[in-house]
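Enquirer: Below are the structure tokens for one structure; questions will follow.
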Amino acid sequence: MQTIYLSLGSNMGDRQYHLHEAVRLLGEHPQIIIEKQSKFYESSPVGGVKQDDFINLALKISSLLSPQELLTYLHEVEAKLQRVRKIHWGPRTIDIDILFYGDLEIQEEHLTIPHSQVFQRLFVLVPLLELVPEDFKYHEKLRKAIQQLSESQQKLVIVPEEIALDNVLNRQSRKFCLLLVKIRNEKVY
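Each number in our numbering corresponds to the 1-based position in the sequence shown with 10 added.
Take a look at the structure:
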């Protein structure tokens, strides 16, 4: 089993629904175990066209799938949630990226691990830092990147609402509860 970190984001329609559904669909795969989930964070879009704000989260999963098999399944989940790939960095119902896959480093046409933007996006770094252990290979680099980006114009807030979800994480029927707290107009990082 490999430890894998994913980033999920949505900025179209019912953003929280799309994220919950993506987590549910990931947890239904027989070779994916969802270990831990971050809080939900709201952030402004980066690059691309003018669009609505995103809600983002990070997941820590374990899997026997190869990186390419996992990427294929992530694209299937995105397709089930009506992800349309028209505009680069455009609006989307769901976006799921592989951030880290064990200690692997991959440079392929459609797959780069660690993800090429992981250290440049506060909305990826903050949720991810909730999940990684202190002895994680890139822990210090993540922390320093957050410090640098928090001094920039990037803004990130924790999303409000308390939601209890059962049987979403995986086939072993783990239960979890998401505590979502919104801090309007206040910078979290």
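Where a beta carbon is used, it is the ideal one built from N, C-alpha and C, also for glycine. Nothing here was measured: the structure is a model prediction, and the numbers come from that model.
Which runs of the alpha helix (DSSP H) spanning at least 4 residues fall entirely within the stretch 91-175, listed in chain order?
Expert: With a minimum length of 4 residues, the continuous alpha helix (DSSP H) runs that stay inside the stretch 91-175 are 132-141, 149-160.
Enquirer: Rounded to whole angstroms, what's the CA-CA distance from Pro143 to Asp62? Just pull it up for me.
Expert: Counted from its first residue, the sequence shown places residue 143 at position 133. Counted from its first residue, the sequence shown places residue 62 at position 52. Near 32 Å, if we compare the C-alpha coordinates of Asp62 and Pro143.
Enquirer: Would you tell me roughly how many angstroms separate the C-alpha atoms of Glu171 and Gln78, rounded to the nearest one?
Expert: Within the sequence shown, residue 171 is the residue found at index 161, counting from 1. Within the sequence shown, residue 78 is the residue found at index 68, counting from 1. Residue placement at Glu171 is poorly supported in this model, since its pLDDT is 48, which falls under 50; the coordinates still yield a value, given next. About 35 Å.
Enquirer: With 16 other CB atoms within 10 Å as the buried threshold, where does Leu114 fall?
Expert: To locate residue 114, count along the sequence shown from 1; it is residue 104. Flag for Leu114 reads exposed.
Enquirer: In or out: Glu4 buried (at least 16 other Cβ within 10 Å) or exposed?
Expert: Not covered by the structure: residue 4. The range shown for the chain is 11 to 199.
Enquirer: When you compare each of Leu16, Gln12, Met11 to Leu139 by their alpha carbons, which one comes out closest?
Expert: Numbered from 1 along the sequence shown, position 129 holds the residue referred to as residue 139. Closest by alpha carbon: Leu16.
Enquirer: Please report how far the alpha carbon of Lys46 lies from the alpha carbon of Leu67, in whole angstroms.
Expert: The sequence position of residue 46 within the sequence shown is 36, counting from 1. The sequence position of residue 67 within the sequence shown is 57, counting from 1. In this structure, the CA atom of Lys46 is about 11 Å from the CA atom of Leu67.
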